[in-house]
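A.B. asks:
Written as structure tokens, this is what we have:
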């Protein structure tokens with residue numbers, strides 16, 4: 038009941054925000070929250086000002102000892118924003134969000150990773166998303182002169198502020214996206230009566246994988262913890278002794294990278310995720326231990342080793358009987374993401390498409406897509422419009438029309454090479470590129486020449502709503518009533534008329550992409566194999582809520598209907614269907 042109430046509350050708050058600003062509003066300084074959430078959202082600094090906000094002071098010095106100023110920031114706890122998006126794990130046996138990560142990127146492609154636990158098991162004011170600031174000036178003029186350029190510099194919002202990190206490497210300006218990542222490891226949760234582990238392994242992205250069964254050779258620390266759990270509440274104070282987890286990771290040669298996380302697990306599948314920043318940038322990270330003693334006695338019950346986080350506000354991230362520590366680097370290799378934005382209205386873009394768009398640093402798309410999806414594209418530069426770039430330029434004298442087919446193909450190949458070069462320059466800089474396509478890019482995609490230039494390991498297709506799906510919904514019938522649907526194109530049917538004969542003979546449905554422009558040649562071809570009474574439907578601009586239309590006719594009357602529809606219009610956006618299932 039409580040979960041349902043929280044979900045309804047999240048949706049209600051989101052409705053208020055988007056009614057106030059308009060979902061189609063465009064803001065170049067906005068950021069999105071996507072991934073493993075029930076409600077992906079996009080917020081601007083103006084939106085953040087509407088929340089209950091808190092002030093945080095930040096003395097900005099990075100790990101290279103570079104000073105970047107002292108500021109008072111005003112912002113919203115990151116925890117509040119993630120609760121608004123309603124974090125949701127995929128179906129798996131471990132329902133707790135303790136193994137989830139938050140990947141945050143900014144305008145220039147910098148990425149940092151936070152753990153769910155450091156956000157939700159510490160005080161909310163420690164991590165905020167800031168939208169306003171004021172510099173803290175020295176009282177003495179001679180002190181101010183030295184740092185005036187830093188204290189008076191403009192700050193890019195929205196800004197990630199981690200107040201308790203000693204080095205501010207994870208603080209980022211102009212953030213563009215947050216992705217909630219469910220690592221979904223292949224670890225099953227099993228109830229074990231006698232939970233034991235005599236050793237633990239350190240694996241993953243390390244130079245020296247280790248198996249540790251004894252901690253006596255390592256430098257030790259001792260801390261006092263408040264044992265407070267979500268179930269039984271306060272259980273007292275305990276003095277625990279062990280080895281700092283950070284020291285063990287250093288010995289194993291784990292990478293010193295802000296995109297690294299550490300998954301600590303037990304034999305029963307219970308696990309917790311920690312981030313590089315909370316271990317190595319926050320002073321409290323030195324107190325996070327792999328403990329083997331409690332109150333000066335060896336751990337016996339529930340395993341030989343125990344993960345202890347003394348500065349968490351509850352003991353939920355404590356892992357008993359530690360048996361594995363996996364080091365995971367979440368810095369993704371640059372890729373080309375070929376993403377569908379749907380076939381028409383902006384509402385047809387999928388959550389999956391938004392999630393992958395957030396992984397990218399630059400965009401390739403048409404002028405139309407750039408304008409209509411600007412809210413989602415945000416800061417990302419549009420490298421070029423492929424439809425304009427790949428289309429031969431016409432001139433007053435019609436010189437392009439005079440060149441041969443072979444010359445036109447050569448010119449097109451040169452333009453494809455130029456497009457590929459521009460994309461590959463971004464990849465070489467470590468940046469990912471989104472190719473935003475209409476419809477499903479794997480079904481008659483418009484960028485086939487560009488896509489083919491990249492190896493399978495360099496690209497990933499993100500499917501979406503195809504014109505075929507939208508047209509089926511517009512027709513409103515079961516298109517596979519005879520068992521099969523055949524998808525084709527006019528030129529494919531011209532080259533293989535036996536396909537038409539086979540489909541017509543079986544009584545299956547034939548769906549033709551891009552057929553309206555070729556209708557003068559296509560209808561006579563269909564008449565060779567279908568009777569004149571065969572039902573035909575033209576699904577025109579399917580998916581465009583304000584201009585979609587459906588023409589039902591027969592093959593004998595189809596050419597006249599198409600001519601009337603095309604007269605004086607750009608009506609090539611449509612599909613042609615023929616078959617008895619349309620009756």
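In our numbering, the protein residues as written are 38 to 620. Just so it is clear, CB atoms sit at the ideal spot from N, CA and C, and this is done for glycine as well.
With residue 105 as the anchor, note down where its beta strand (DSSP E) starts and where it stops.
C.D. replies: Mapped onto the chain shown, residue 105 falls at position 68. Unbroken beta strand (DSSP E) run through residue 105: 104-114.
A.B. asks: Figure out for me which residue from 132, 441, 461, 164 has the closest Cα to the Cα of residue 91.
C.D. replies: The residue labelled residue 91 in the question sits at position 54 within the chain shown. Answer by Cα proximity: 164.
A.B. asks: Using a threshold of 8 angstroms, state whether the C-beta atoms of residue 310 and residue 152 are closer than that.
C.D. replies: Locating residue 310 in the chain shown gives position 273, where the first residue counts as 1. Locating residue 152 in the chain shown gives position 115, where the first residue counts as 1. Yes. Within cutoff.
A.B. asks: Residue 464: which of 513, 194, 415, 397 sits nearest, CA to CA?
C.D. replies: Here residue 464 corresponds to residue number 427 of the chain shown, with the count starting at 1. 397 is the residue among 513, 194, 415, 397 whose C-alpha sits nearest the C-alpha of residue 464.
A.B. asks: Return the residue from the list 198, 336, 209 that minimises the CA-CA distance to residue 234.
C.D. replies: For the purposes of this step, residue 234 is taken as residue 197 along the chain shown, with counting starting at 1. That would be 336, whose Cα lies nearest to the Cα of residue 234.
A.B. asks: Using the Cα positions of residue 415 and residue 84, report the straight-line distance between them to the nearest angstrom.
C.D. replies: The count along the chain shown starts at 1 and reaches residue 415 at position 378. The count along the chain shown starts at 1 and reaches residue 84 at position 47. Answer to the nearest angstrom: the Cα atoms are 15 angstroms apart.
A.B. asks: Cβ atoms of residue 130 and residue 306: under 8 angstroms apart, would you say?
C.D. replies: Locating residue 306 in the chain shown gives position 269, counting from the first residue. Locating residue 130 in the chain shown gives position 93, counting from the first residue. Yes, the Cβ-Cβ distance between residue 306 and residue 130 is below 8 angstroms.
A.B. asks: Given a cut-off of 8 angstroms on the beta-carbon distance, is the pair residue 473 and residue 400 in contact?
C.D. replies: Mapped onto the chain shown, residue 473 falls at position 436. Mapped onto the chain shown, residue 400 falls at position 363. Yes, these two residues count as a Cβ contact at 8 angstroms.
A.B. asks: Cβ atoms of residue 378 and residue 475: under 8 angstroms apart, would you say?
C.D. replies: Taking the chain shown and counting its residues from 1, the one referred to as residue 475 is at position 438. Taking the chain shown and counting its residues from 1, the one referred to as residue 378 is at position 341. The answer is yes: Cβ separation under 8 angstroms.
A.B. asks: Of the residues 308, 453, 313, which one's Cα is nearest the Cα of residue 298?
C.D. replies: As a working mapping, residue 298 is identified with position 261 in the chain shown. Of the listed residues, the one whose Cα sits closest to residue 298 is 313.
A.B. asks: From this set, 481, 376, 517, 523, which residue's C-alpha is nearest residue 504's C-alpha?
C.D. replies: Looking up residue 504 in the chain shown gives position 467. Checked all of 481, 376, 517, 523; the closest Cα to residue 504 is 481.
A.B. asks: May I ask you to verify whether the segment 565-572 touches the segment 521-540, counting CB pairs closer than 8 angstroms and requiring at least 3?
C.D. replies: yes
A.B. asks: Quick check on the DSSP output: the beta strand (DSSP E) that includes residue 170 runs from which residue to which?
C.D. replies: Position 133 of the chain shown holds residue 170. Where residue 170 is concerned, the enclosing beta strand (DSSP E) stretches over 164-172.
A.B. asks: Quick one, are the C-beta atoms of residue 514 and residue 618 less than 8 angstroms apart?
C.D. replies: Your numbering for residue 514 matches position 477 in the chain shown. Your numbering for residue 618 matches position 581 in the chain shown. Yes, the Cβ-Cβ distance between residue 514 and residue 618 is below 8 angstroms.
A.B. asks: Out of 187, 409, 267, which one is the CA nearest neighbour of residue 158?
C.D. replies: Here the question's residue 158 lines up with position 121 in the chain shown. Per the Cα distances, 267.
A.B. asks: Measuring CB to CB, does residue 274 end up less than 8 angstroms from residue 261?
C.D. replies: Taking the chain shown and counting its residues from 1, the one referred to as residue 274 is at position 237. Taking the chain shown and counting its residues from 1, the one referred to as residue 261 is at position 224. Yes, the Cβ-Cβ distance between residue 274 and residue 261 is below 8 angstroms.
A.B. asks: For residue 486, I'd like the list of residues in its chain whose CB is within less than 6 angstroms of its CB, leaving aside the five on either flank, ordered along the chain.
C.D. replies: Position 449 of the chain shown, counted from the start, is the residue given in the question as residue 486. The answer, listed in chain order, is 453.
A.B. asks: In chain order, which alpha helix (DSSP H) runs of at least 4 residues are fully inside the segment 307-378?
C.D. replies: 313-317
A.B. asks: Within the same chain, show all residues whose beta-carbon is closer than 8 angstroms to that of residue 562, passing over the 5 residues directly before and after it, in chain order.
C.D. replies: The residue you call residue 562 lines up with position 525 of the chain shown. Excluding positions up to five away in sequence, the list reads 530, 531, 534, 537.
A.B. asks: With a threshold of 8 angstroms, are at least 3 pairs of Cβ atoms found where one atom belongs to the segment 191-200 and the other to the segment 102-112?
C.D. replies: yes
A.B. asks: Give the straight-line distance between the Cα atoms of residue 554 and residue 602, rounded to the nearest whole angstrom.
C.D. replies: Position 517 of the chain shown, counting from 1, holds the residue named residue 554. Position 565 of the chain shown, counting from 1, holds the residue named residue 602. In a straight line, the C-alpha of residue 554 is about 11 angstroms away from that of residue 602.
A.B. asks: Residue 537 by DSSP, collapsed to three states: which one?
C.D. replies: Position 500 of the chain shown, counted from the first residue, corresponds to residue 537. Correct three-state label for residue 537: helix.
A.B. asks: Are the beta-carbon atoms of residue 138 and residue 220 separated by less than 8 angstroms?
C.D. replies: Counted from its first residue, the chain shown places residue 138 at position 101. Counted from its first residue, the chain shown places residue 220 at position 183. Yes, these two residues count as a Cβ contact at 8 angstroms.
A.B. asks: Starting from residue 413, trace the beta strand (DSSP E) in both directions and tell me its first and last residue.
C.D. replies: Numbered from 1 along the chain shown, position 376 holds the residue referred to as residue 413. No beta strand (DSSP E) contains residue 413, which is instead part of the alpha helix (DSSP H) from 411-414.
A.B. asks: Using 10 angstroms around the beta-carbon of residue 585, count the other beta-carbons present and answer buried if the total reaches 16, otherwise exposed.
C.D. replies: The residue given as residue 585 occupies position 548 in the chain shown. Counting Cβ neighbours within 10 Å, residue 585 comes out buried, since at least 16 surround it.
A.B. asks: Applying the 10 Å Cβ sphere with the 16-neighbour rule, what's the burial state of residue 629?
C.D. replies: The shown model of the chain, from 38 to 620, leaves out residue 629, and the question about it has no answer.
A.B. asks: Using the Cα positions of residue 60 and residue 382, report the straight-line distance between them to the nearest angstrom.
C.D. replies: The residue labelled residue 60 in the question sits at position 23 within the chain shown. The residue labelled residue 382 in the question sits at position 345 within the chain shown. Interpretation of residue 60 is limited by its pLDDT of 32, a score under 50 that renders its predicted location unreliable; the figure taken from the coordinates is listed afterwards. When rounded, the distance between both Cα atoms is 13 angstroms.
A.B. asks: Considering residue 279, what are the terminal residues of the beta strand (DSSP E) in which it resides?
C.D. replies: Locating residue 279 in the chain shown gives position 242, where the first residue counts as 1. Note, residue 279: beta strand (DSSP E), 270-281.
A.B. asks: In angstroms, rounded to a whole number, what distance separates the CA positions of residue 572 and residue 620?
C.D. replies: Here residue 572 refers to the residue found at position 535 of the chain shown. Here residue 620 refers to the residue found at position 583 of the chain shown. Cα to Cα, residue 572 sits roughly 6 angstroms from residue 620.
A.B. asks: Cα separation between residue 372 and residue 254?
C.D. replies: In the chain shown, the residue the question calls residue 372 occupies position 335. In the chain shown, the residue the question calls residue 254 occupies position 217. In this structure, the alpha-carbon of residue 372 lies about 44 angstroms from that of residue 254.
A.B. asks: Name the residue from 591, 105, 348, 600 whose alpha carbon lies nearest to the alpha carbon of residue 616.
C.D. replies: For the purposes of this step, residue 616 is taken as residue 579 along the chain shown, with counting starting at 1. Closest by alpha carbon: 591.
A.B. asks: From which residue to which residue does the alpha helix (DSSP H) around residue 391 run?
C.D. replies: Locating residue 391 in the chain shown gives position 354, counting from the first residue. Residue 391 -> alpha helix (DSSP H) spans 388-394.
A.B. asks: Does DSSP classify residue 235 as helix, strand or coil?
C.D. replies: One-based indexing of the chain shown puts residue 235 at position 198. DSSP places residue 235 in coil when its eight states are reduced to three.
A.B. asks: What are the partner residues of residue 136, as DSSP defines its beta bridges?
C.D. replies: As a first step, residue 136 must be located in the chain shown, where it is residue number 99. DSSP output for residue 136 lists no bridge partner at all.
A.B. asks: Have a look at residue 71 and residue 596 and give me their C-alpha separation to the nearest angstrom.
C.D. replies: For this step, residue 71 is matched to residue 34 along the chain shown. For this step, residue 596 is matched to residue 559 along the chain shown. Using only the alpha carbons, I get a separation of about 47 angstroms.
A.B. asks: Going by DSSP, what residue range makes up the alpha helix (DSSP H) through residue 507?
C.D. replies: Taking the first residue of the chain shown as 1, we reach residue 507 at position 470. Residues 504-512.
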